[in-house]
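Trainee: One structure is given below, represented as structure tokens, and several questions about it will come after.
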Amino acid sequence: MSVRTSSARKNSTASRSSRRRTVSTILVLFVVVSVFLVRLVDIQVVQADSLTADSVGNRSVGQVVYGSRGEILDANGVVLASTVMRYNITMSPVNATPFTRTVDGKKVEISVADAAAEIGAATGQTGDAILLTISTALEANAKANFAYIAQKVDVDVLRAVQDLHIPWTYSENSPSRVYPNGAVAGNILGYLSGEGVPQAGLESGQDACLASTNGSETYEKGADGVRIPGSSVTGSEAVDGGDVITTIDSDLNWFVQQTLAARAQETGAAWATAVVQDAKTGKLLAVADYPSVDPNNVGGTENPEDRGSRAFTQSFEPGSTLKALTAASVLDAGVATLDTGVVAPYRYLPANGANINDSHAHADQRMTLTGVLIDSSNTGMSKFGEMLTNQKRYDYLKAFGVGTATESGFPREDSGILHPVEEWDNQTSYATMFGQGLTTTALQVSSIYQTIANDGVRMPVQLVEGCRQADGTITNVPETTGTRVLSEKAANETSDVLEMVYQNSWVSSIWEIPGYRVAAKTGTAQMPDGKGGYSSGYLVSVSGFAPADDPQYVVSVSIADPVKLNTSAAPAPVFQEIMSQVLKKYRAVPSGATAPDLPSTW
Numbered sequence: 052m053s054v055r056t057s058s059a060r061k062n063s064t065a066s067r068s069s070r071r072r073t074v075s076t077i078l079v080l081f082v083v084v085s086v087f088l089v090r091l092v093d094i095q096v097v098q099a100d101s102l103t104a105d106s107v108g109n110r111s112v113g114q115v116v117y118g119s120r121g122e123i124l125d126a127n128g129v130v131l132a133s134t135v136m137r138y139n140i141t142m143s144p145v146n147a148t149p150f151t152r153t154v155d156g157k158k159v160e161i162s163v164a165d166a167a168a169e170i171g172a173a174t175g176q177t178g179d180a181i182l183l184t185i186s187t188a189l190e191a192n193a194k195a196n197f198a199y200i201a202q203k204v205d206v207d208v209l210r211a212v213q214d215l216h217i218p219w220t221y222s223e224n225s226p227s228r229v230y231p232n233g234a235v236a237g238n239i240l241g242y243l244s245g246e247g248v249p250q251a252g253l254e255s256g257q258d259a260c261l262a263s264t265n266g267s268e269t270y271e272k273g274a275d276g277v278r279i280p281g282s283s284v285t286g287s288e289a290v291d292g293g294d295v296i297t298t299i300d301s302d303l304n305w306f307v308q309q310t311l312a313a314r315a316q317e318t319g320a321a322w323a324t325a326v327v328q329d330a331k332t333g334k335l336l337a338v339a340d341y342p343s344v345d346p347n348n349v350g351g352t353e354n355p356e357d358r359g360s361r362a363f364t365q366s367f368e369p370g371s372t373l374k375a376l377t378a379a380s381v382l383d384a385g386v387a388t389l390d391t392g393v394v395a396p397y398r399y400l401p402a403n404g405a406n407i408n409d410s411h412a413h414a415d416q417r418m419t420l421t422g423v424l425i426d427s428s429n430t431g432m433s434k435f436g437e438m439l440t441n442q443k444r445y446d447y448l449k450a451f452g453v454g455t456a457t458e459s460g461f462p463r464e465d466s467g468i469l470h471p472v473e474e475w476d477n478q479t480s481y482a483t484m485f486g487q488g489l490t491t492t493a494l495q496v497s498s499i500y501q502t503i504a505n506d507g508v509r510m511p512v513q514l515v516e517g518c519r520q521a522d523g524t525i526t527n528v529p530e531t532t533g534t535r536v537l538s539e540k541a542a543n544e545t546s547d548v549l550e551m552v553y554q555n556s557w558v559s560s561i562w563e564i565p566g567y568r569v570a571a572k573t574g575t576a577q578m579p580d581g582k583g584g585y586s587s588g589y590l591v592s593v594s595g596f597a598p599a600d601d602p603q604y605v606v607s608v609s610i611a612d613p614v615k616l617n618t619s620a621a622p623a624p625v626f627q628e629i630m631s632q633v634l635k636k637y638r639a640v641p642s643g644a645t646a647p648d649l650p651s652t653w
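Numbering (the numbering used here), first residue to last: 52 to 653.
Given below as structure tokens:
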């Protein structure tokens with residue numbers, strides 16, 4: 052009995068000990084699980100955002116997805132400015148370590164120096180230059196993960212580097228602006244800064260159309276910094292810019308630029324402009340400047356003032372080309388006819404105290420309006436101009452566009468200077484009759500002749516047809532409604548007078564265009580000295596249109612300070628060559644009827 056009791060007690064003690072061990076084990080497991088559970092909650096809940104951000108920061112890389120800036124096109128679809136993809140070659144300096152490469156089936160270790168030499172050979176640098184880039188980056192930041200090797204390289208250089216399979220080199224897209232025709236229309240196209248910011252011309256003025264919107268994406272990288280294939284995730288889509296369609300004929304613009312530059316250099320001119328405009332529509336077919344600029348190499352044009360378009364941004368006293376406007380005004384107002392005569396002295400001293408003289412001494416001359424323009428007499432034009440009140444003449448000047456920037460939309464276009472009538476002094480009252488006391492741009496002068504050529508209807512000066520969107524629709528289409536400035540009769544009579552000038556001017560043999568009737572006028576104006584007075588130089592010009600019996604095209608040429616030939620003989624050959632080319636290029640029908648024969652004296 053006692054033996055059984057002892058045995059039972061032993062079994063009972065063992066059972067309790069086993070239960071305690073089990074409980075202890077469970078408790079230990081519970082504590083361990085609890086610790087892990089608490090840690091898991093801390094990681095997944097409490098620190099989730101912070102840890103996720105750290106994790107993404109360590110393995111995810113964000114990069115820009117570039118939209119493409121729109122193209123600038125000429126009227127025939129020729130690309131004048133476009134965007135091409137260039138590439139930046141980059142590397143991770145901290146990961147710039149030796150690596151193995153399989154060569155002829157064998158593993159070969161490539162040192163950093165060897166890799167640097169290979170990169171340099173591909174990018175046109177020395178291996179030492181690449182090593183210096185690595186060391187410089189690491190000196191600035193021991194964990195530097197980014198440095199440029201080469202920027203804006205073409206696809207051939209990119210592929211040459213990629214073919215090296217160096218694990219710590221990468222690439223990124225870098226859109227670049229190119230101008231396929233170089234300096235052709237360069238002064239009106241403008242250019243971008245190195246950072247892609249529009250600086251001038253259409254690039255600036257039409258940026259709202261051309262500008263693209265960049266997108267973004269992220270990708271995953273491994274511990275070695277290498278991009279993990281298939282890990283790209285788009286954050287936002289890139290949107291390409293629209294295309295600007297201009298009215299410019301690039302082939303004609305090339306010819307005009309070449310012709311203008313040759314004459315400007317021959318005569319020692321400071322600068323020059325030439326404009327070709329469609330007489331019926333007001334569209335600009337060519338706008339040339341000398342000196343010119345190649346937007347691909349803006350630095351090649353040293354003077355910043357030569358990088359823009361003076362045709363739009365430089366105003367000047369037009370001189371005698373403005374006499375056509377005064378003549379048209381008096382004819383339209385009905386205060387004079389083609390038969391009206393005046394006596395034009397060498398010097399005229401009107402009652403208001405002004406003092407006007409002609410360019411050369413002469414006896415009193417009995418002139419009609421035609422004779423005044425042929426001889427380009429300031430005194431004769433003053434006799435006709437004073438038939439109108441100052442206010443009436445001011446109104447005509449404004450209606451022709453003087454003192455107001457044209458509708459071209461060109462950035463920083465000069466409006467010229469036309470002071471209000473109440474600010475005119477005695478001399479200005481008369482000077483404005485023959486192209487002094489006010490300023491105009493080359494575009495405004497061209498517009499004056501376009502108005503006369505188009506039966507008295509001034510058309511908006513048009514440089515851009517509109518903005519072509521991705522779906523082909525054209526937006527931002529400019530206003531094309533004309534404004535009547537003169538009666539058709541007055542415009543046609545003025546055209547007849549200008550034909551007589553073309554036939555009888557002292558430069559008639561220089562600007563003759565066989566087979567076509569032409570209406571034109573020369574001009575010579577003093578240039579300011581920058582100190583409130585006049586310099587010794589002159590701005591000489593010619594403006595006109597053809598065929599005069601059915602005007603289609605306006606050409607206006609201005610040459611500033613041609614020191615070797617400071618007369619209208621400087622621009623006259625340029626006018627002749629450009630107008631001849633325009634008539635030939637667009638196959639203008641030769642004139643059939645004979646030109647008018649108007650009396651110049653009475």
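Virtual Cβ for every residue (Gly too), placed ideally from N, Cα, C.
Pull up the DSSP beta-bridge partners for N224, would you.
Mentor: As a working mapping, residue 224 is identified with position 173 in the sequence shown. Beta-bridge pairing links N224 to Y138.
Trainee: Taking contact to mean 3 or more Cβ pairs, one atom from each stretch, closer than 8 Å, check whether the stretch 186 to 198 and the stretch 144 to 152 are in contact.
Mentor: Because the criterion of three Cβ pairs below 8 Å is met, the stretch 186 to 198 and the stretch 144 to 152 touch.
Trainee: With a floor of 3 residues, list each beta strand (DSSP E) that falls wholly inside the stretch 550 to 598, ordered by position along the chain.
Mentor: Whole beta strand (DSSP E) segments, 3+ residues: 570 to 579 and 585 to 597.
Trainee: Is it right to say S586 is buried, meaning 16 or more other beta carbons lie within 10 angstroms of its own, or is it exposed?
Mentor: If you number the sequence shown from 1, residue 586 lands on position 535. When all chains shown are included, S586 counts as exposed.
Trainee: Return the chain-ordered ranges of every alpha helix (DSSP H) run that is complete within the stretch 410 to 447 and spans a minimum of 4 residues.
Mentor: Listed in chain order, the complete alpha helix (DSSP H) runs (minimum 4 residues) inside the stretch 410 to 447 are 420 to 426 and 429 to 436.
Trainee: Inspect the CB distances between the stretch 289 to 307 and the stretch 335 to 352 and report whether three or more fall short of 8 Å.
Mentor: Touching, yes, given that three or more Cβ pairs across the two stretches are closer than 8 Å.
Trainee: Between the alpha carbons of P342 and D357, how many angstroms are there, rounded?
Mentor: Reading the sequence shown from its first residue, position 291 is the one you call residue 342. Reading the sequence shown from its first residue, position 306 is the one you call residue 357. Rounded to whole angstroms, P342 to D357 spans 6 Å at the Cα level.
Trainee: According to DSSP, simplified to helix, strand and coil, what is K203?
Mentor: Indexing the sequence shown from 1 puts residue 203 at position 152. Here K203 sits in strand by DSSP.
Trainee: Just confirm the distance between the C-beta atoms of G252 and G121, as a whole number of angstroms; I'd bet it's less than 8 Å.
Mentor: Taking the sequence shown and counting its residues from 1, the one referred to as residue 252 is at position 201. Taking the sequence shown and counting its residues from 1, the one referred to as residue 121 is at position 70. With a Cβ gap of about 14 Å, G252 and G121 do not count as contacting.
Trainee: For F451 and V536, which I take to be in contact (beta-carbon distance under 8 Å), what is that distance rounded to the nearest angstrom?
Mentor: Sequence index remark: in the sequence shown, residue 451 carries index 400 (1-based). Sequence index remark: in the sequence shown, residue 536 carries index 485 (1-based). So it is a contact: roughly 6 Å between Cβ atoms.
Trainee: Leaving out five residues on either side along the sequence, give the residues of the same chain with a beta carbon under 6 Å from the beta carbon of P511.
Mentor: Indexing the sequence shown from 1 puts residue 511 at position 460. If we look at P511 and ignore the five residues flanking it on each side, its Cβ neighbours are G333, E458 and E530.
Trainee: To the nearest angstrom, report how far apart V633 and L469 are at their CA atoms.
Mentor: The count along the sequence shown starts at 1 and reaches residue 633 at position 582. The count along the sequence shown starts at 1 and reaches residue 469 at position 418. Rounded to the nearest angstrom, the two C-alpha atoms are 32 Å apart.
Trainee: For V206, collect the residues of the same chain with a Cβ closer than 8 Å to its Cβ; drop the 5 residues on either side in sequence, then sort them by chain order.
Mentor: Taking the first residue of the sequence shown as position 1, residue 206 is located at position 155. Once the five neighbours on either side are set aside, the close Cβ partners of V206 are M136 and Y138.
Trainee: Once you ignore the five residues that flank I299 on each side, which residues in its own chain have a CB closer than 8 Å to its CB?
Mentor: Translated into the one-based positions of the sequence shown, residue 299 becomes position 248. Result list for I299: D125, A126, L131, A236, I239, L335, L336, A337, V338 and L514, in chain order.
Trainee: Give me the Cα-Cα distance between T352 and G256, rounded to the nearest whole angstrom.
Mentor: One-based indexing of the sequence shown puts residue 352 at position 301. One-based indexing of the sequence shown puts residue 256 at position 205. Between T352 and G256, the C-alpha separation is close to 21 Å.
Trainee: Quick check on this structure: which residue in N441, G517 and G467 has the alpha carbon closest to the alpha carbon of D476?
Mentor: The count along the sequence shown starts at 1 and reaches residue 476 at position 425. Among N441, G517 and G467, the Cα nearest to that of D476 belongs to N441.
Trainee: Determine the direct distance from the alpha carbon of M551 to that of D648, and round the result to whole angstroms.
Mentor: As a position in the sequence shown, residue 648 is number 597, starting the count at 1. As a position in the sequence shown, residue 551 is number 500, starting the count at 1. Going by the C-alpha atoms only, they are around 7 Å apart.
Trainee: Count the other CB atoms within 10 Å of the CB of A414; is the residue buried (16 or more) or exposed (fewer)?
Mentor: Translated into positions along the sequence shown, residue 414 becomes position 363. Its Cβ having fewer than 16 others within 10 Å, A414 is exposed.
Trainee: Could you pull out every residue in the same chain whose Cβ sits closer than 8 Å to the Cβ of P624, ignoring the five residues on either side in sequence?
Mentor: Taking the sequence shown and counting its residues from 1, the one referred to as residue 624 is at position 573. These residues qualify, in order along the chain: R314, I561 and W562.
Trainee: For W305, report the span of its alpha helix (DSSP H) as first-last.
Mentor: Counting from 1 along the sequence shown, the entry for residue 305 is found at position 254. W305 -> alpha helix (DSSP H) spans S301 to T318.
Trainee: Does T490 come out as helix, strand or coil in the three-state DSSP assignment?
Mentor: As a first step, residue 490 must be located in the sequence shown, where it is residue number 439. Three-state DSSP puts T490 in a strand.
Trainee: Along the alpha helix (DSSP H) that carries D383, what are the first and last residues, could you check?
Mentor: Within the sequence shown, the letter at position 332 stands for residue 383. From DSSP, the alpha helix (DSSP H) with D383 extends over K374 to A384.
Trainee: Could you pull the start and end residues of the beta strand (DSSP E) that F150 belongs to?
Mentor: In the sequence shown, counting from the first residue as 1, residue 150 sits at position 99. Looking at the DSSP string, the run of the beta strand (DSSP E) that includes F150 is F150 to V154.
Trainee: Nearest-angstrom Cα distance between S619 and A493?
Mentor: Within the sequence shown, the letter at position 568 stands for residue 619. Within the sequence shown, the letter at position 442 stands for residue 493. The alpha-carbon atoms of S619 and A493 are separated by roughly 16 Å.
Trainee: Mind checking who N408 pairs with in its DSSP beta bridge?
Mentor: To locate residue 408, count along the sequence shown from 1; it is residue 357. In DSSP, N408 forms a bridge with R398.
Trainee: Between the C-alpha atoms of N224 and G286, what's the straight-line distance to the nearest angstrom?
Mentor: In the sequence shown, the residue the question calls residue 224 occupies position 173. In the sequence shown, the residue the question calls residue 286 occupies position 235. Near 17 Å, if we compare the C-alpha coordinates of G286 and N224.
Trainee: Taking Q520 as part of the alpha helix (DSSP H), name the residues at either end of that continuous run.
Mentor: By 1-based counting over the sequence shown, the position of residue 520 is 469. Looking at the DSSP string, Q520 is not in any alpha helix (DSSP H), and its letter there is neither H nor E.
Trainee: Pick helix, strand or coil for Y500, following the three-state DSSP scheme.
Mentor: In the sequence shown, residue 500 corresponds to position 449, counting from 1. Three-state result, Y500: helix.
Trainee: Does G359 pass the burial test, meaning 16 or more other C-beta atoms within 10 Å, or should it be called exposed?
Mentor: The residue labelled residue 359 in the question sits at position 308 within the sequence shown. With 16 or more Cβ atoms within 10 Å of its Cβ, G359 is classed as buried.
Trainee: Are A321 and T545 closer than 9 Å when you measure CB to CB?
Mentor: Position 270 of the sequence shown, counted from the start, is the residue given in the question as residue 321. Position 494 of the sequence shown, counted from the start, is the residue given in the question as residue 545. Going by C-beta atoms, A321 is not nearer than 9 Å to T545.
Trainee: Take the Cβ of K374 as the centre, count every other Cβ of all protein chains shown within 10 Å, and call the residue buried at 16 or more, exposed below.
Mentor: Translated into positions along the sequence shown, residue 374 becomes position 323. K374 should be labelled buried.
Trainee: Pick out whichever of S227, A262 and L209 has its Cα sitting closest to the Cα of R519.
Mentor: Taking the first residue of the sequence shown as 1, we reach residue 519 at position 468. With distances taken between Cα atoms, R519 lies closest to A262.
Trainee: Decide if W219 is buried, meaning its Cβ has at least 16 other Cβ atoms within 10 Å, or exposed.
Mentor: To locate residue 219, count along the sequence shown from 1; it is residue 168. Per the 10 Å Cβ criterion, buried.
Trainee: Quick check on Y637: buried or exposed, where buried means 16 or more other Cβ atoms within 10 Å of its Cβ?
Mentor: Against the sequence shown, residue 637 aligns to sequence position 586. With fewer than 16 other Cβ atoms within 10 Å, it is exposed.
Trainee: Say the cut is 8 Å; is the CB of T479 nearer than that to a heavy atom of the ligand NAD?
Mentor: Although the ligand NAD was asked about, the structure shown includes no ligands whatsoever.
Trainee: I need the DSSP call for V54, collapsed to helix, strand or coil.
Mentor: If you number the sequence shown from 1, residue 54 lands on position 3. Below a pLDDT of 50, predicted positions are generally treated as unreliable, and V54, at 49, falls in that range; the measurement from the model is reported next regardless. Residue state, collapsed to three classes: helix.
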